[in-house]
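Numbering-wise (the numbering used here), the sequence shown opens with residue 2 and increments by one. Ideal Cβ positions, reconstructed from N, Cα and C, are used throughout, including at glycine. As the structure is a prediction and not an experimental result, all values here were calculated from the model. Right, one structure below, let's go through it.
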Amino acid sequence: MTSIPTPSETAREVLETEAHALLKMRDSLSDEFDVVATHLLKIDGRVIVSGMGKSGHIAAKIAATLASTGTPAQFVHPGEASHGDLGMITDKDAVILISSSGETRELADIINYATRFSIPLIAITRDPQSALGKRADRVLPISDVPEACAIGMAPTTSTTCALALGDALAVALMRLRGFDRENFRDFHPGGTLGANLLTVKAVMHTGSALPIVGEETPMGDTLLEMTAKGFGVAAVVNENKLAGIITDGDLRRNLEGLMLRTAGFVATRKPLTISSEALLSEALGLMDNGRITALPVVNGDGCLEGLIHIHDVLRKGVV
């Protein structure tokens, strides 16, 4: 009697099969990929991505990845395309069709439409000699290896390869476009991802909101400033340059005779600071490591520009 593999044994087998297919595809990648990427970079319209069934889900994900990384893209369902959505595709676009076998009947109308209006057609398929492969202007082949499922039929390895190829295309186009962190932040303003791409400048307190005192300011006045501004700290400034910072810890360390001293005497010199262009995630890391709740924001000359509190960072959802 044949023993049934444990779930973890099956998992390792699947991962090994799919990893082998990806490595095989990497090693066989040709200059055709460069041609496709260069062409997509130059089109005036969008990249239309389509596929049926599981390939359709992969196509939708590839379109979303392209769109979020600087390449205008849209998923069009082949069934809906045959009932009017072909009008979403223009002669300024390029079409990517995904089909493992290359014989998916539901793609026929999109293929014919692209041919009729001379719309560039790119195929992602295992078989360049399939119906899709022969009609396409360019073919990006995926590894022709067995599916990873127990019966060798459920789309597993083929969809993994198609997805990876789409990711590779999106990243290649990102680099060709010079798509950077600022562009990415503009396309991802919501959620944790968007929060972690925000800069300190976006949330820092400035101007009259800042608790600022001079080095000769009596501690009585300094305490009033700290209380009024509500950050639990005071920035000690000399000719607009940050000379130090006073925190609750500094107050406790100088409790004896505190009211007879000046802000400059009590302040911690050379405190942790941050640039206004730094990411909020970096600010959170500095505050966490330094066990502090506020950071002065300074420019390259050491001049105070603002203040950021840990509550400002956490309210934005940075983790």
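Same chain, Cβ closer than 6 Å to residue i, neighbours up to 5 away in sequence not counted
i	result
T274	P297 and V299
A165	L23
R136	I112
G167	I63
L177	L42
L122	V96, A115, A137 and D138
I311	M288 and T294
V267	I247, D251 and N255
V204	D313
E226	P212, V214 and A235
P156	K55
R66	According to the sequence shown, residue 66 is Thr rather than Arg. Around T66: A171.
P73	R47
Close beta carbons around residue i, own chain, < 8 Å, minus the five adjacent residues each side
i	result
F34	L141, A169, L170 and A173
T158	T18, E19, A22, S144, V146, P147, E148 and A149
Y114	A82, L87, I90 and I120
Q75	R47, V48, I49, V50, A64, A68 and M89
A279	T200 and V201
E107	M53, P79, G80 and S83
M154	E148
L133	L98, S100, G103, E104, T105, L108, I112, A124 and T126
V37	I123, R139, L141 and L170
S29	P142 and S144
L243	A236, V237, P272, T274, P297, V299, G303, C304 and L305
For residue i, three-class secondary structure by DSSP
i	result
I63	helix
H21	helix
C150	coil
K242	strand
A284	helix
V319	coil
L174	helix
V204	coil
E216	coil
G307	strand
R262	coil
D7	It should be pointed out that residue 7 corresponds to Thr in this sequence rather than to Asp. Reduced to three states, the DSSP call for T7 is coil.
A95	strand
V237	strand
T269	strand
L256	coil
A295	strand
L141	strand
Inter-residue CB distance, residue i and residue j (contact presumed, cutoff 8 Å)
i	j	result
S277	K202	4 Å
R270	G245	5 Å
L308	L211	6 Å
T294	G221	23 Å between Cβ atoms; not a contact.
M175	T39	The pair is not a contact, with the Cβ atoms about 14 Å apart (cut-off 8 Å).
I44	D94	7 Å
V319	L285	5 Å
E217	G265	7 Å
N1	C162	No answer is possible for residue 1: it lies beyond the span of the chain, which begins at 2 and ends at 320.
I99	A60	5 Å
T207	S56	That pair is no contact at about 52 Å.
Other residues of its chain near residue i: CB distance less than 7 Å, five sequence neighbours each side excluded
i	result
S131	S102, G103 and E104
V77	I49, S51, D86, M89 and I90
K317	A196, L199, V204 and L281
D249	G233
### Contact the segment 98-106 vs the segment 125-140: 3+ CB pairs below 8 Å
Verdict: yes, contact present.
### Minimum length 3: unbroken beta strand (DSSP E) runs contained in the segment 27-91
48-52 and 74-76, all fully within the segment 27-91.
### Message
Please give the ranges of any alpha helix (DSSP H) in the segment 103-133, keeping only runs that are unbroken, at least 4 residues long and fully inside the region.
### Response
Complete alpha helix (DSSP H) runs here, min 4: 109-117.
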